[in-house]
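So for the sequence shown, numbering that gives the first Met the number 0 puts the first residue at 0; every next one is plus one.
Glycine included, C-beta positions come from ideal geometry on N, C-alpha and C.
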Amino acid sequence: MTIDDLRAFIATYETQSVSNAAVSLQMTQSALSKRLKGIQQEVDAELISTTNRRSLQITESGETFYRYAQQLLSQYNEMREAVTTVEDLRRGSIRIGSVPIMSQYGLMQALTNFMQDYPNVSVQLQETEGQRIVSALQSQLLDAIIIRDLNTTYLQHHHLSQVNLLDDELVVVLPANHPLAKKATIAPADLADNAFTSLPQGSGVYETLIKLCQAAGFTPSIHFESTHIETILSVVANSQQCTLLFKESVRPFMTDQLVMRPLTTPITSHLQFVYDADRHSAAVQQLLHYIQSAIKSQPQH
């Protein structure tokens, strides 16, 4: 008796119809009937009564067979999943996409630890703006991505799972000698006469900047864009421009030439680990575990 035999009987039992079961199993009705006959011959018992031609009747022996068939099929599936997990961590691969914040949040240490513990798993990391990596995930060019929830408006796949990793607050970064640096908090309207430097369109931060300023009654004058936070801060430090960035992502690059100030109405974002729940691997799940553990062990600012 094979696993396919068990599936055939279970499908027949649950549909109470040989013809419907045959359709669900993608086989002919005659082939299914032959398989069911073979099962009954092997166990030497009538599992399905054909006395009533109008409806299929499961015998008492059939009820018992069904319960054990379910258990065996469940154990078989668990065994396959366990073996797949072992093989996946022994010789698998992961393609990860992330917005460029891995080092600022200490996530590179988690990735390095994972690679040390699973040296046979090939890891590819692509750091770019959120809109691009979301598109790559949905096209199955990446296995998982790390993005801010500001970018999840681009998600269009209902099978994608989103796991919150940490929260961060959007802040205004200014030159230390800027007049607004004296304020404890800054409202978007305070920035109406300022030039901006910003992360580019698709970053989520760019779009938030536009919305905040438009809600305050003006369109921001964005003079410079870069994907690199260090470059943005260098421009800000050597000009009277300002920028909006997330507090923890900018903290490692702050100097005495710069100050950060919270917005009057705080804006908080979730950093998320997103993957396809229908096709995720054991390696992806294990990497997520390493990242979550690394975040929990970090000191709170």
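Short of 7 Å from the beta carbon of I146, and not among the five residues preceding or following it, lie these beta carbons of its own chain, in chain order: V98, G129, I132, V133, Q271, V273. Here the region 108-120 makes contact with the region 283-299; the two share three or more CB pairs at distances below 8 Å. I95 and D166 do not touch by the CB rule: their CB atoms are close to 21 Å apart, not below 8 Å. Distance between T242 and D192, taken at the CA atoms: about 13 Å.
About 5 Å separates the beta carbons of P251 and Q103, which is inside the 8 Å limit, making them a contact pair. Runs of the beta strand (DSSP E) lying entirely within the region 211-282 and spanning at least 3 residues, in chain order: 220-224, 242-245, 257-261, 267-275.
DSSP lists S97 as the bridge partner or partners of E126. Between the region 166-176 and the region 252-263, the count of Cβ pairs shorter than 8 Å is three or higher; the stretches touch.
V170 sits buried, since 16 or more C-beta atoms from the chains shown fall within 10 Å of its C-beta. The three-state secondary structure of N163, taken from DSSP, is strand. With a 10 Å radius around the Cβ and a threshold of 16 neighbouring Cβ atoms, P265 comes out exposed.
Between the region 82-91 and the region 31-48, the count of Cβ pairs shorter than 8 Å is below three; the stretches do not touch.
Here A282 really is in contact with L88; their C-beta atoms are around 6 Å apart, less than 8 Å. With contacts defined by Cβ atoms closer than 8 Å, I144 and V122 do not form a contacting pair. With a cutoff of 8 Å on beta-carbon distance, V235 and T184 are scored as not near each other. Contact check for Q297 against L164 fails: the beta carbons are separated by 8 Å or more. Following the DSSP letters along the chain, one finds A194 inside the beta strand (DSSP E) bounded by residues 194-197.
DSSP lists T267 as the beta-bridge partner residues of E168. Residue pairing by DSSP puts S48 in a beta bridge opposite Q56.
Just measuring C-alpha positions, the residue of S238, E126, A21 sitting nearest M101 is E126. Distance check between S32 and each of S23, T11, T50 places T11 closest, using alpha-carbon atoms only. Per DSSP, the unbroken beta strand (DSSP E) holding A143 starts and ends at 143-147.
Here L173 carries a strand assignment [DSSP, helix/strand/coil].
Under DSSP, I294 shares a beta bridge with no residue. For L35, the enclosing alpha helix (DSSP H) stretches over residues 28-42. G61 is the residue among G61, L24, N51 whose C-alpha sits nearest the C-alpha of Q40. In this structure, the alpha-carbon of I294 lies about 26 Å from that of T230.
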